[in-house]
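Residue numbers for the sequence shown follow my numbering, beginning at 23 and rising by one. The beta carbon of each residue, even a glycine, is placed where N, CA and C say it ideally should be. Worksheet for the structure shown next.
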Amino acid sequence: MEDKRRLLIITYYWPPTGGSGVQRWVKFCKYLPDFGWSSVIYTPENPERLAYDKSLESDIPSDTEVLSTHITEPYALYRKLLGRRDRQQVNPLNSTDNSFKSRLSRWLRGNLFIPDPRVSWVRPSVRYLCKYLKSHPVDAVITTGPPQSMHLIGRELKRRTGITWIADFRDPWTQMFYYKHLNLSKYADRKHHRLEQSVLDEADVVIAVSPLVRDDFATQTSTPVELITNGFDPDDFPKTMSTPPQDEKFRIVHTGLFASDGNPINLWSALSDKCREDKQFADRLEIRLAGKTDKEIVDSIKAYGLGSNLINLGYLPHEKVVQEQRNASLLILPLRREPEYSKVLPGKIFEYIASGRPVLGIGQEDGAAARVLEDSGAGRMFGWNEKERLLQFMENSHAPA
């Protein structure tokens with residue numbers, strides 16, 4: 023049998039770390055052997071983990087080589103500065119807190135750690151991998167970001183060894199929705215753009231996960247820019263998987279990160295009105311949240327009198343997330359309100375489609391996610407201020423609203 027070609031994948035996120043940033047390359051790693059490739063993973067041995075999910079390890083081929091080295095990160099300093107102990111609350115970019123301490127932490131993150139707080143791992147990683155590659159050659163290198171500093175490792179390996187390098191952007195860089203909130207100095211902004219441009223120009227191939235991001239990158243560089251969206255693993259959605267429970271419950275389900283700037287106030291308001299008008303509906307309604315949910319979301323649900331209908335499950339292993347999706351009467355996809363988010367395709371959208379359940383989106387009606395919902399026939403995107411049409415969609419989707 024012909025030997026497989028070897029692919030070095032440089033990623034910050036890898037099991038047992040859980041979350042959306044892990045699954046893309048775990049699933050690629052699972053199926054690459056079918057195309058004649060074996061994977062070598064390079065990842066930190068001590069990353070900041072917001073969630074653990076050991077169930078994802080079952081997808082990794084047994085012969086996958088995993089390399090890891092120590093990384094030093096500033097998040098302990100962030101926690102001390104902000105007076106927080108909870109790791110899930112430490113990322114200043116996800117915070118709605120506009121206090122001086124929070125604004126200072128965002129300024130430090132944007133201006134001192136360029137492109138991100140993992141940049142200190144670049145030099146030691148390049149030294150380690152250059153030594154490794156001398157005795158263990160590979161056929162190509164893929165870097166996946168964010169964090170975008172992973173691409174700087176690939177860039178330096180390309181410069182030193184001439185190896186084929188592919189830069190995979192799971193999110194944009196300077197066009198990302200939170201970039202404008204970093205309070206960057208002119209120097210820092212120029213440096214971000216210079217680094218981004220060097221990655222786009224020096225990579226052999228650039229991969230984007232959204233058509234609109236692909237189009238943006240294609241205007242910035244002559245490097246080939248390919249589109250490989252996220253997707254779903256058919257093994258996670260077998261045809262024999264159970265149908266939704268045959269009970270009277272009407273389950274509205276959201277999975278994954280539920281950020282405060284995507285809070286669908288119109289949905290909670292519409293559901294509140296419906297519950298007041300229809301006691302039977304109120305008794306049947308469950309709002310099930312699986313994943314990290316910002317406190318503001320929970321507070322809003324309770325403020326609209328829906329606290330007794332709320333089931334906040336927290337982070338679940340991926341296999342249980344899939345079951346929640348399949349058990350849903352209706353899946354909701356609220357998007358962040360930032361205009362730049364219109365270019366983003368949330369990874370969950372493809373699993374939502376695979377679940378076969380109707381999807382109610384709330385966000386940019388002309389964005390990338392809206393197009394996918396329309397093209398797939400899986401659901402519909404509504405604006406943030408709509409109410410009546412949301413309830414009508416539930417009825418038209420054969421939900422017992």
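| Expressed to the nearest angstrom, what Euclidean distance is found between the alpha-carbon atoms of residue 235 and residue 174? | In the sequence shown, residue 235 corresponds to position 213, counting from 1. In the sequence shown, residue 174 corresponds to position 152, counting from 1. CA-to-CA, the gap between residue 235 and residue 174 works out to about 20 Å.
| Can you tell me the Cα-Cα spacing of residue 352 and residue 412, whole angstroms? | Here residue 352 is taken as the residue at index 330 of the sequence shown, counted from 1. Here residue 412 is taken as the residue at index 390 of the sequence shown, counted from 1. Their backbone Cα atoms lie some 11 Å apart in a straight line.
| task | Could you tell me if residue 31 is buried or exposed, where buried requires 16 or more neighbouring beta carbons within 10 angstroms of its beta carbon? | result | Taking the first residue of the sequence shown as 1, we reach residue 31 at position 9. Residue 31 should be labelled buried.
| task | Would you decide whether residue 61 is buried or exposed? Buried here means 16 or more other CB atoms lie within 10 Å of its CB. | result | The residue labelled residue 61 in the question sits at position 39 within the sequence shown. Flag for residue 61 reads buried.
| Pair within 8 Å by beta-carbon distance, residue 277 and residue 345 | The residue you call residue 277 lines up with position 255 of the sequence shown. The residue you call residue 345 lines up with position 323 of the sequence shown. The criterion of a C-beta distance shorter than 8 Å is not satisfied by residue 277 and residue 345.
| said: Quick check on residue 198: does DSSP put it in helix, strand or coil? | reply: Numbered from 1 along the sequence shown, position 176 holds the residue referred to as residue 198. Here residue 198 sits in coil by DSSP.
| When DSSP labels each residue in this structure, what does residue 245 get in the three-state scheme? | By one-based count along the sequence shown, residue 245 stands at place 223. Reduced to three states, the DSSP call for residue 245 is coil.
| said: Mapping the DSSP letters down to three states, classify residue 59 as helix, strand or coil. | reply: For the purposes of this step, residue 59 is identified with residue 37 of the sequence shown, where counting begins at 1. Strand.
| said: Any beta carbon from chain B within less than 8 Å of residue 248's own beta carbon? | reply: Absent from the structure is chain B; it holds one protein chain and no more.
| Beta carbon of residue 217, beta carbon of residue 146: below 8 Å? | What you label residue 217 is simply residue 195 of the sequence shown in a count that begins at 1. What you label residue 146 is simply residue 124 of the sequence shown in a count that begins at 1. In this structure, residue 146 does not lie closer than 8 Å to residue 217 by Cβ.
| request: Classify residue 356 as helix, strand or coil using the three-state DSSP reduction. | output: Here residue 356 is taken as the residue at index 334 of the sequence shown, counted from 1. In the three-state DSSP reduction, residue 356 falls in the strand class (E or B).
| task | Put residue 276 into one of helix, strand or coil per three-state DSSP. | result | Numbered from 1 along the sequence shown, position 254 holds the residue referred to as residue 276. In this structure, residue 276 counts as strand in the three-state DSSP scheme.
| In whole angstroms, what separates the C-alpha of residue 139 from that of residue 396? | Residue numbering aside, residue 139 sits at position 117 when the sequence shown is read from its first letter. Residue numbering aside, residue 396 sits at position 374 when the sequence shown is read from its first letter. Computed Cα separation, rounded: 38 Å.
| C-alpha distance - residue 33 paired with residue 306, whole-angstrom precision | Position 11 of the sequence shown, counting from 1, holds the residue named residue 33. Position 284 of the sequence shown, counting from 1, holds the residue named residue 306. Each residue's alpha carbon lies about 43 Å from the other.
| query | Between 96, 388 and 260, which lies nearest to residue 362 when the distance is taken from Cα to Cα? | reply | Reading the sequence shown from its first residue, position 340 is the one you call residue 362. In terms of CA proximity to residue 362, 388 leads the group 96, 388 and 260.
| query | Assuming residue 255 contacts residue 49 under a Cβ cut-off of 8 Å, what Cβ separation, rounded to an integer in Å, is found between them? | reply | Sequence index remark: in the sequence shown, residue 255 carries index 233 (1-based). Sequence index remark: in the sequence shown, residue 49 carries index 27 (1-based). Yes, they are in contact, since the Cβ atoms of residue 255 and residue 49 sit about 5 Å apart, within 8 Å.
| How many angstroms separate the CA atom of residue 58 from the CA atom of residue 335? | Walking along the sequence shown from the start, residue 58 turns up at place 36. Walking along the sequence shown from the start, residue 335 turns up at place 313. If you take the alpha carbons of residue 58 and residue 335, they lie about 40 Å apart.
| field | N- and C-terminal bounds of the alpha helix (DSSP H) containing residue 211 | value | Translated into positions along the sequence shown, residue 211 becomes position 189. Boundaries of the alpha helix (DSSP H) harbouring residue 211: 208-224, taken from the DSSP string.
| Rounded to a whole number of angstroms, what is the C-alpha to C-alpha distance between residue 374 and residue 394? | Taking the sequence shown and counting its residues from 1, one reaches residue 374 at position 352. Taking the sequence shown and counting its residues from 1, one reaches residue 394 at position 372. In a straight line, the C-alpha of residue 374 is about 11 Å away from that of residue 394.
| said: Looking only at its chain, what residues have a beta carbon closer than 7 Å to the beta carbon of residue 170, apart from the 5 residues adjacent to it on each side? | reply: If you number the sequence shown from 1, residue 170 lands on position 148. 137, 138 and 195, listed in sequence order.
| message | Taking the alpha carbon of residue 72 as the reference point, which residue from 80, 200 and 38 has its own alpha carbon closest? | response | In the sequence shown, counting from the first residue as 1, residue 72 sits at position 50. Ranking the options by Cα distance to residue 72, first place goes to 38.
| task | Under 8 Å by Cβ, that's how I've got residue 259 and residue 376 pegged, so tell me the actual separation to the nearest angstrom. | result | Residue mapping note: residue 259 aligns to position 237 of the sequence shown, counting from 1. Residue mapping note: residue 376 aligns to position 354 of the sequence shown, counting from 1. Taking C-beta atoms under 8 Å as the contact rule, residue 259 and residue 376 qualify, at a distance of about 5 Å.
| task | Between the Cα of residue 282 and those of 40, 323 and 251, spot the shortest distance and give me the residue it belongs to. | result | On the sequence shown, position 260 is the one that residue 282 refers to. Comparing Cα-Cα distances from residue 282 to each of 40, 323 and 251, the minimum goes to 323.
| request: Go through its chain and collect everything with a Cβ distance to residue 284's Cβ below 6 Å, but skip five positions before and after it. | output: Your numbering for residue 284 matches position 262 in the sequence shown. Only residues of its own chain outside the window of five on either side were considered, and among them 356, 357 and 358 have a CB closer than 6 Å to the CB of residue 284, listed in chain order.
| query | Can you tell me whether residue 392 is buried or exposed, with buried defined as 16 or more other CB within 10 angstroms of its CB? | reply | Taking the sequence shown and counting its residues from 1, the one referred to as residue 392 is at position 370. Residue 392 comes out buried.
| field | DSSP beta-bridge partners of residue 308 | value | Position 286 of the sequence shown, counted from the first residue, corresponds to residue 308. Partner(s): 273.
| Simplified DSSP assignment, three categories, for residue 70 | Taking the first residue of the sequence shown as 1, we reach residue 70 at position 48. Coil at residue 70, not helix or strand.
| request: Along the beta strand (DSSP E) that carries residue 190, what are the first and last residues, could you check? | output: The residue labelled residue 190 in the question sits at position 168 within the sequence shown. Start and end: 187-191.
| query | Around the C-beta of residue 134, are 16 or more other C-beta atoms found within 10 angstroms, so that it is buried, or is it exposed? | reply | For the purposes of this step, residue 134 is taken as residue 112 along the sequence shown, with counting starting at 1. Under this definition residue 134 is an exposed residue.
| Using the rule of at least 16 other Cβ atoms within 10 Å of the residue's Cβ for burial, across every protein chain shown, is residue 209 buried or exposed? | Residue numbering aside, residue 209 sits at position 187 when the sequence shown is read from its first letter. Residue burial annotation: residue 209 is exposed, with fewer than 16 other C-beta atoms found within 10 angstroms of its C-beta.
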